[in-house]
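Worksheet: the structure to be examined is printed underneath.
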Amino acid sequence: DVVLTQTPSILSATIGQSVSISCRSSQSLLDSDGNTYLYWFLQRPGQSPQRLIYLVSNLGSGVPNRFSGSGSGTDFTLKISGVEAEDLGVYYCMQATHAPRTFGGGTKLELK
Amino acid sequence: EVQLQESGPGLVKPSQSLSLTCSVTGYSITSNYWGWIRKFPGNKMEWMGYISYSGSTSYNPSLKSRISITRDTSKNQFFLQLNSVTTEDTATYYCAREGYFDYWGQGVMVTVSS
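What follows is the structure in structure tokens.
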């Protein structure tokens, strides 16, 4: 199975601070169809996961544009440009290029 | 608006079967793919499998001998059955629209305990 390694596991930030989360894959996530099936999700406390980013860098519907995704191959980054209180929770990357789909271990974003 | 809602028992005894239902409104399950994902205590997430618009299925090999995903198109529902459960299957179970992962249920917590 593809292993996704997320760093850091815990991220402390102040409101307004810009932060980044890394997701590194044990294999290239570039599919033979030319797409890279890398997603980012946020799970707020007590809620189900919300899709933030799909196909590396595409913003999900209704997701604020302070979120952005980048990367290629095996190295991916989620950036939050100006953390807001509602952004607190656990962030996950997930790949769907290779079977079975796999998730990163999660990054908990908390207030400093 | 697309909505998914999981239902099923919150407590299952070891060695028994876990059975959950995902009821979908606002979208026909005869379109797209529909799947199950679980989150273990702590942060670990695991993709379990999906059922397609045609009824074909795909499962995580780690579960392949124990898992079955089926559907009832007349009720717009799909189902998860996980056999021979152990305490390691204690988790919150989510159904979601596969492929897009844009719609998720609220999750149902299942505890495996005698």
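Chains as they are written, first to last, in this note's numbering: chain Z, 702 to 813; chain S, 27 to 140.
For glycine and all other residues, C-beta sits at the position ideal for the given N, C-alpha and C.
Would you say residue 104 of chain S lies against chain Z (beta-carbon separation less than 9 Å)?
no
Give a yes or no on whether the C-beta atoms belonging to residue 753 of chain Z and residue 768 of chain Z are separated by under 9 Å.
yes
Does any CB atom of chain S fall closer than 9 Å to the CB of residue 745 of chain Z?
no
What does the Cβ neighbour count give for residue 141 of chain S, buried or exposed, with the cut at 16 atoms within 10 Å?
Nothing about residue 141 of chain S can be read from this structure; chain S reaches only from 27 to 140.
On the premise that residue 710 of chain Z lies in contact with residue 806 of chain Z, defined as a C-beta separation below 8 Å, what is that separation, rounded to the nearest angstrom?
7 Å
Check the Cβ-Cβ distances between residue 84 of chain S and every residue of chain Z, and say whether any is below 9 Å.
yes
Pull up the distance between the alpha-carbon of residue 129 of chain S and that of residue 751 of chain Z, whole angstroms please.
8 Å
I'd like to check one pair, residue 116 of chain S with residue 139 of chain S: are the Cβ atoms closer than 9 Å?
yes
Output yes or no for whether 9 Å exceeds the beta carbon distance between residue 36 of chain S and residue 135 of chain S.
yes
Please compile the residues from chain S whose C-beta is within a distance smaller than 9 Å of the C-beta of residue 768 of chain Z.
Those within 9 Å of residue 768 of chain Z in chain S number zero; the least Cβ separation is about 15 Å.
With a threshold of 9 Å between beta-carbons, can residue 786 of chain Z be considered close to chain S, or not?
no
Residue 45 of chain S beta carbon less than 9 Å from that of residue 110 of chain S:
no
Thinking residue 48 of chain S and residue 107 of chain S are a contact (beta carbons under 8 Å), I'd like their distance in whole angstroms, please.
With a Cβ gap of about 12 Å, residue 48 of chain S and residue 107 of chain S do not count as contacting.
Counted within 10 angstroms of its Cβ, other Cβ atoms place residue 716 of chain Z as buried (16 or more) or exposed:
exposed
Using only alpha-carbon positions, find the residue among Z/793, Z/713 and Z/801 that is nearest to residue 90 of chain S.
Z/801
With 16 other Cβ atoms within 10 Å as the buried cut-off, status of residue 32 of chain S:
buried
Can you tell me which of the three DSSP states residue 734 of chain Z falls into?
coil
Where do the N-terminal and C-terminal ends of the beta strand (DSSP E) with residue 50 of chain S fall, by residue?
44-51
Following the continuous beta strand (DSSP E) through residue 776 of chain Z, name the residue where it begins and the one where it ends.
776-781
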